[in-house]
Amino acid sequence: MDLMRWQLGLTWSLAELHLTGLTDEACLWEPAPGAWTVRRGADGRWRPDWAEPEPDPVPATSIGWLTWHLGWWWGTLLGHATGGPVPPREEVFWPGSAAATVAELTRLHAEWSALLATTDPDRLIGYPWPEPRRFAQAAAWANLELMKNVAEIGAMRHLYALRPARPR
175 MDLMRWQLGL TWSLAELHLT GLTDEACLWE PAPGAWTVRR GADGRWRPDW
225 AEPEPDPVPA TSIGWLTWHL GWWWGTLLGH ATGGPVPPRE EVFWPGSAAA
275 TVAELTRLHA EWSALLATTD PDRLIGYPWP EPRRFAQAAA WANLELMKNV
325 AEIGAMRHLY ALRPARPR
């Protein structure tokens, strides 16, 4: 698991680079028409756009949607791995601001990092697959998924920074 912990540390360094200075405006910016994002409901909760089955091609996504997605799968994995609660996807909401999102992702990172340091790599876990596999495989998947999501957030931040200025 030392390799998984090293990989997580390296990936989290990239995450911190892209999460530092993140703004609410950047999170809610839609990079293309029809992009999936998070939307505030009448109850004040921020829900992600979602469709089943997933459309082909998959829509572009906002940073808000990407950070919601990251929090959803990471929290779900942690719930399965620790025996904690695993709410349905429909009950997982975006935190509502960039600052709250960064705080939530930082909390998930700390929880995952601690779990990597203490869990038997051969212990079986059923998530994210229908049949149980070794925890080490779940750890490898999670680190890869984190790396992918962080890279997507970074790409959206670059596009947001380069967007044309709006006329005043």
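So the mapping is simple: our numbering equals the position in the sequence shown, first residue as 1, plus 174. Here a beta-carbon is modelled for each residue, glycine too, at the ideal position from N, C-alpha and C. Small disclaimer: the values here were computed from a predicted structure and weren't measured.
Here residue 268 is not near residue 324, since their CB atoms are 8 angstroms or more apart. Nearest neighbour of residue 294 by Cα position, chosen from 282, 306, 303, 310, turns out to be 310. In the three-state DSSP reduction, residue 213 falls in the strand class (E or B).
In the structure shown, residue 219 adopts coil according to DSSP, grouped into three states. For residue 199, the closest alpha carbon among the candidates 273, 266, 234 is that of 273. Per DSSP, residue 296 lies in no alpha helix (DSSP H) and is assigned neither H nor E.
Sorting 184, 207, 256 by C-alpha distance to the C-alpha of residue 300 places 256 at the top. With distances taken between CA atoms, residue 316 lies nearest to 245 out of 230, 262, 235, 245.
Per DSSP, the beta-bridge partners of residue 308 are 298. Closest by C-alpha distance to residue 238, out of 304, 303, 278, is 278. For residue 274, the enclosing alpha helix (DSSP H) has its first and last residue at 272–292.
The region 176–184 makes no contact with the region 194–208: fewer than 3 CB pairs, one atom from each, lie closer than 8 angstroms.
According to the DSSP assignment, residue 187 belongs to the alpha helix (DSSP H) that extends over 176–193.
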